[in-house]
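Working notes for the structure below.
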Amino acid sequence: MKFFIELNFNWNSILEFILARGKVLKENNELNYKFDISQFYTDFLKSPKIFKNRDALNPTYIPNNLPHRDIQIKRIAEITACLLKDGVPFNFLSYGKTGTGKTSVIRFVSRKLDEKCNEIQINRPWWIYNNCQQVNTPYRILANIFNTLSTEEKIPPTGLPKDIIFQKLLNLLDDVVGNSVCFIVLDEIDILIKKKGGNEILYDLTRLNEKYQLKKSRVCLIGISNILKFKSFLDPRVLSSFGGEELVFPAYNAEELTDILQERGEIAFFKNVISEETIPLCAALAAKEHGDARKALQLLRKAGELAERSHNKKVSPKFVYKAQKSLEQDNTEQFIESLPKQIQLVLCSIFLIAKHLPNLKIITGDIYDVYLEIYEKIPGVKKLTRRRVSDLINELALAGIIKAEVVSMGYYGRSKIVKLDIPLDQLFKILEKIENIKHILNYKPIIAQNGKAKLKKNTFKKLF
DNA sequence: GATCCACAGGAAATTAAGGGTC
DNA sequence: GACCCTTAATTTCCTGTGGATC
1426 MKFFIELNFN
1436 WNSILEFILA
1446 RGKVLKENNE
1456 LNYKFDISQF
1466 YTDFLKSPKI
1476 FKNRDALNPT
1486 YIPNNLPHRD
1496 IQIKRIAEIT
1506 ACLLKDGVPF
1516 NFLSYGKTGT
1526 GKTSVIRFVS
1536 RKLDEKCNEI
1546 QINRPWWIYN
1556 NCQQVNTPYR
1566 ILANIFNTLS
1576 TEEKIPPTGL
1586 PKDIIFQKLL
1596 NLLDDVVGNS
1606 VCFIVLDEID
1616 ILIKKKGGNE
1626 ILYDLTRLNE
1636 KYQLKKSRVC
1646 LIGISNILKF
1656 KSFLDPRVLS
1666 SFGGEELVFP
1676 AYNAEELTDI
1686 LQERGEIAFF
1696 KNVISEETIP
1706 LCAALAAKEH
1716 GDARKALQLL
1726 RKAGELAERS
1736 HNKKVSPKFV
1746 YKAQKSLEQD
1756 NTEQFIESLP
1766 KQIQLVLCSI
1776 FLIAKHLPNL
1786 KIITGDIYDV
1796 YLEIYEKIPG
1806 VKKLTRRRVS
1816 DLINELALAG
1826 IIKAEVVSMG
1836 YYGRSKIVKL
1846 DIPLDQLFKI
1856 LEKIENIKHI
1866 LNYKPIIAQN
1876 GKAKLKKNTF
1886 KKLF
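Quick note, the first sequence lines up with residues 1426 to 1889 if you use our numbering.
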């Protein structure tokens, strides 16, 4: 499809071709092909066994050794060690980009600390993990902590006043945690802070020990963030509660990622399954993406699975390249399919303009106009305002589906120029799979019907 | 230098849904 | 059942933007 773009072919004819071809292939497939699941399992069993422990490549797997994180492990061990002598560790913050081992190091230290508590026969601390991307309202954070500690009573998703839950939590902490410490780990804490009430709940949690006078138990707060500058959003009172304790997790380089993959590979695969060049290649590809160890592990796992499916005994570099392509496609497809209907409609509006007017600079006003033309074609979808559609465009840009750049055209106003960041044909194939959307894909927007893009007082004329 | 355009985007208000208490 | 509470999604209102044009 790349050469189609370069030669500037007419998209209508291309899409008609794709549609027609797709239809023929589909019909042929339906007539001649039947998937034999029993045979598939039989064949799968005959394929060489290459995975010894597949879970070792999961991001949640904590190995017995974490390479290149000794400094951070030592620092957290120093902060938390006082617990072994009846002390209360300081609250602290950890920073680092995605896949730099922040959560893994904390889980690793928590496991070692638990083992030591068992060894010297003192009460083990509680560890409560809260990912603020999923649980990010004050109410839900309190409910999550309560529900983790409580085996009987559970807090519902909504309904109770916050102060009631707070009081229940205080009682529960003393009952369940007893004379020990409860570590509350707030992953992606920056998301919480940007939300209304985020600073207040942090303030309350950091003051549990003093202000609310827990009788027996103690609480220690650990904040984890991907954003180095997030402290600027913190309330000074909250910031002071973290006592200046901070840990930075630098990104891994290719050599460090190679070491990590080497160790995990030995746990995950049977001996001599991985080609010599495979691990350095995975490491190099992941290092390009900000040294993300999670990506590197995902790549190695997918490469292994592809080799297994094609009955190969070796995980060679060709499977790494295939895995990379497959992961990118899978992620985009899954993401778009899981989007709410309204945002899918906005994306569909952009698609229709790009399809029918490939040379047009797409602006927010055009997108909204096309959105107004198509939203009624989907049952149960109500019209959104321009303001909301503007936010949805931003969400698509944030997800990397489109590129959006604010430009000023002086006397002709200010708008956003939007460009698709994935190939048009790939987007077509994804949208075609969405039940309520697929029938709109052949619609021709009014701006394409009369051959005139939005030109208010010749606005954006110079952009053509 | 004032005016204008077409929005961008922040903040507060509103709405609907889910749930609890009395 | 009335009322209270929370949440997420959305609307409404508003100010800001920045460079071409007047």
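All C-beta atoms, glycine included, are put in the ideal place defined by N, C-alpha and C.
Q: Report back the beta-carbon spacing between N1548 and C1557 to the nearest angstrom; my notes put them in contact at under 8 Å.
A: Counting from 1 along the first sequence, the entry for residue 1548 is found at position 123. Counting from 1 along the first sequence, the entry for residue 1557 is found at position 132. Going by Cβ atoms, the distance from N1548 to C1557 rounds to 28 Å, so no, they are not a contact pair.
**Q.** contact_flag[the region 1581-1597, the region 1649-1657] where n(CB pairs < 8 Å) is 3 or more
**A.** no
(Q) Within a Cβ cutoff of 6 Å, which residues of the same chain sit near D1717, ignoring the five residues on either side of it in sequence? (A) Here residue 1717 corresponds to residue number 292 of the first sequence, with the count starting at 1. Taken in chain order, the residues that qualify are T1523, G1524, A1711.
Q) How is N1651 classed by DSSP in three states: helix, strand or coil? A) Taking the first sequence and counting its residues from 1, one reaches residue 1651 at position 226. If DSSP states are grouped into helix, strand and coil, N1651 belongs with coil.
Q. Alpha carbon to alpha carbon, how far is R1643 from V1610?
A. For the purposes of this step, residue 1643 is identified with residue 218 of the first sequence, where counting begins at 1. For the purposes of this step, residue 1610 is identified with residue 185 of the first sequence, where counting begins at 1. Each residue's Cα considered, the two are about 14 Å apart.
Q | Integer Cβ distance of V1534 from T1573, believed to fall under 8 Å | A | The residue labelled residue 1534 in the question sits at position 109 within the first sequence. The residue labelled residue 1573 in the question sits at position 148 within the first sequence. Actually they do not touch by this definition, with Cβ atoms about 19 Å apart.
Q) Who are the Cβ neighbours of I1685 in its own chain at under 6 Å, not counting the five residues just before and after it? A) Position 260 of the first sequence holds residue 1685. The answer, listed in chain order, is P1492, A1718.
Q | Chain-order list of residues whose beta-carbon lies under 7 Å from that of L1682 (same chain, five-residue window excluded) | A | Working through the first sequence from its first residue, we reach residue 1682 at position 257. Within the same chain, L1682 has close Cβ partners A1708, A1711, A1712, G1716, A1718, A1721.
Q. Would you call the CB atoms of Y1554 and D1612 closer than 9 Å?
A. Here residue 1554 refers to the residue found at position 129 when the first sequence is read from its first residue. Here residue 1612 refers to the residue found at position 187 when the first sequence is read from its first residue. Contact flag set, yes.
Q | Distance between beta carbons of V1673 and G1790, contact taken as under 8 Å | A | Counted from its first residue, the first sequence places residue 1790 at position 365. Counted from its first residue, the first sequence places residue 1673 at position 248. Going by Cβ atoms, the distance from G1790 to V1673 rounds to 44 Å, so no, they are not a contact pair.
Q. How do the region 1482-1490 and the region 1624-1640 stand: do at least 3 beta-carbon pairs fall below 8 Å, yes or no?
A. The way I'd put it, the region 1482-1490 doesn't touch the region 1624-1640; fewer than three beta-carbon pairs between them come closer than 8 Å.
Q) In this structure, does DSSP put D1557 in helix, strand or coil? A) As a position in the first sequence, residue 1557 is number 132, starting the count at 1. According to the sequence displayed, residue 1557 carries Cys and not Asp. C1557: coil per DSSP, three-state reduction.
Q: Determine, using beta carbons only, whether I1827 and I1775 come nearer to each other than 9 Å.
A: Indexing the first sequence from 1 puts residue 1827 at position 402. Indexing the first sequence from 1 puts residue 1775 at position 350. Contact: yes.
**Q.** Anticipated Cβ contact below 8 Å, L1772 with L1821, distance rounded
**A.** Walking along the first sequence from the start, residue 1772 turns up at place 347. Walking along the first sequence from the start, residue 1821 turns up at place 396. L1772 to L1821, Cβ: 6 Å. Contact.
Q.
For a test of the three-state rule: what should DSSP assign to Y1628, helix, strand or coil?
A. Along the first sequence, read from residue 1 onward, the residue named residue 1628 stands at position 203. Reduced to three states, the DSSP call for Y1628 is helix.
Q. Rounded to a whole number of angstroms, what is the C-alpha to C-alpha distance between Q1874 and L1852?
A. The count along the first sequence starts at 1 and reaches residue 1874 at position 449. The count along the first sequence starts at 1 and reaches residue 1852 at position 427. Between Q1874 and L1852, the C-alpha separation is close to 22 Å.
Q | Residue interval of the alpha helix (DSSP H) (run including Y1564) | A | Locating residue 1564 in the first sequence gives position 139, where the first residue counts as 1. Per DSSP, Y1564 belongs to the alpha helix (DSSP H) from 1563-1574.
Q: Output the distance between the C-alpha atoms of P1675 and G1526, rounded to the nearest integer angstrom.
A: Locating residue 1675 in the first sequence gives position 250, counting from the first residue. Locating residue 1526 in the first sequence gives position 101, counting from the first residue. Between P1675 and G1526, the C-alpha separation is close to 9 Å.
**Q.** Residue span of the beta strand (DSSP E) that contains E1671, given as start and end
**A.** Within the first sequence, residue 1671 is the residue found at index 246, counting from 1. E1671 -> beta strand (DSSP E) spans 1671-1674.
(Q) Using a Cβ-Cβ cutoff of less than 7 Å, which residues in the same chain neighbour G1825 once the five nearest sequence positions on both sides are dropped? (A) As a working note, residue 1825 is residue 400 in the first sequence. Taken in chain order, the residues that qualify are D1846.
Q. Any idea what DSSP makes of D1511, helix, strand or coil?
A. Translated into the one-based positions of the first sequence, residue 1511 becomes position 86. Coil.
Q: Grab the span of the alpha helix (DSSP H) containing A1779 for me, first residue to last.
A: As a position in the first sequence, residue 1779 is number 354, starting the count at 1. Here the alpha helix (DSSP H) through A1779 covers 1766-1781.
Q: Measure from the alpha carbon of P1705 to the alpha carbon of each residue in A1748, K1738, K1696, L1725, then state which is nearest.
A: Here residue 1705 refers to the residue found at position 280 of the first sequence. The shortest Cα separation from P1705 among A1748, K1738, K1696, L1725 belongs to L1725.
Q | Coarse secondary structure for A1824, derived from DSSP in three states | A | Looking up residue 1824 in the first sequence gives position 399. DSSP, read as helix, strand or coil, puts A1824 in coil.
Q: Use the C-beta contact count for G1622: other C-beta atoms within 10 angstroms, 16 or more gives buried, fewer gives exposed.
A: Translated into positions along the first sequence, residue 1622 becomes position 197. Exposed is the call here.
Q | Those runs of the alpha helix (DSSP H) which lie wholly inside the region 1590-1619 and span at least 4 residues | A | 1614-1619
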